[in-house]
Amino acid sequence: AQTVTQSQPEMSVQEAETVTLSCTYDTSESDYYLFWYKQPPSRQMILVIRQEAYKQQNATENRFSVNFQKAAKSFSLKISDSQLGDAAMYFCAYRSPLLLGTSGSRLTFGEGTQLTVNP
Amino acid sequence: GAVVSQHPSWVICKSGTSVKIECRSLDFQATTMFWYRQFPKQSLMLMATSNEGSKATYEQGVEKDKFLINHASLTLSTLTVTSAHPEDSSFYICSARPGQGSGYTFGSGTRLTVV
């Protein structure tokens, strides 16, 4: 079974600075998907960024980018120019390849990293 | 964008009663819905996977007779917590995937308090 590990329970960053959240995973599959989700105090889960394992290029979404190291099974999230609204719990998640004819397979989540943004 | 509407957002019930939580996919058909439970400051724990028109698949350790899941249509899945007890108090979240190549959309969650 796949496992996802986030070794930083809490992180803090100054507003406008850059912070990197770590995530490692364990899998024997060669093709899979990785995600970062954000859960603010409202507890609504919000997709931040996703990466397909077959793509070598690191995904970026505005101020959010990932460093995907497939051989090392590492998937870190970099938040640039941190804003107060970035304060949230961040979850790294793994998904296996889809089975033909199905609409999805489960997400395996890491333990989460609570990010505080200091003004 | 794709939306999963979850209701109620907050419910208090007495011990021994049952509570139903609904999740509706508003602008897409969800053949599969995932139900999670989350304790404060912890990660999401998958409870079960519901498939339209068939029985749900429960994760190990989840009592299927306590957490009844029904997925009778392509847009509605329900989770019923039967004979609720204080230890069932938690945050419950549903999720579905709108289509190929997309991420998962989550409901806004239901905070259940059993008194």
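First to last, the protein sequences are chains A and B. Start counting at 1 in the first sequence, then tack on 399, and there's your number in the working numbering. Start counting at 1 in the second sequence, then tack on 351, and there's your number in the working numbering. Glycine included, every Cβ here is placed at the ideal spot set by N, Cα and C.
Determine whether the Cβ of Met-410 of chain A lies closer than 8 Å to any Cβ atom of chain B.
no
Could you work out which residue in A:Lys-437, A:Val-447, A:Ser-429 and A:Asn-466 is closest to Thr-512 of chain A when comparing CA atoms only?
A:Lys-437
Contact with chain A by Thr-400 of chain B, beta-carbon distance below 8 Å
yes
For Leu-425 of chain B, the three-state DSSP class (helix, strand or coil):
coil
Between which two residues does the beta strand (DSSP E) holding Cys-445 of chain B run?
441–447
Please list, in chain order, all residues of the same chain as Glu-416 of chain A whose beta carbon is under 7 Å from its beta carbon, the five residues on each side excluded.
Ser-481
Roughly how many whole angstroms lie between the Cα atoms of Ser-411 of chain A and Ala-486 of chain A?
9 Å
Do Gly-460 of chain B and Ser-360 of chain B have their beta-carbon atoms positioned less than 8 Å apart in this structure?
yes
Would you identify the three-state DSSP class for Glu-414 of chain A, choosing helix, strand or coil?
coil
Sequence-distant residues of its chain with Cβ nearer than 8 Å to Leu-395 of chain B (five each side left out):
Tyr-387, Arg-388, Gln-389 and Ile-444
Rounded straight-line distance, which links the Cα of Ala-492 of chain A to that of Asn-457 of chain A
16 Å
Nearest-angstrom Cα distance between Gly-412 of chain B and Lys-392 of chain B?
21 Å
Just how far apart, CA to CA, sit Lys-415 of chain B and Phe-385 of chain B?
14 Å
Could you tell me which residues DSSP puts in a beta bridge with Thr-512 of chain A?
A:Tyr-489
Output, in chain order, the set of chain B residues within a Cβ distance shorter than 8 Å of Gly-509 of chain A.
Ser-394
How big is the Cα-Cα spacing for Ser-376 of chain B and Val-466 of chain B?
30 Å
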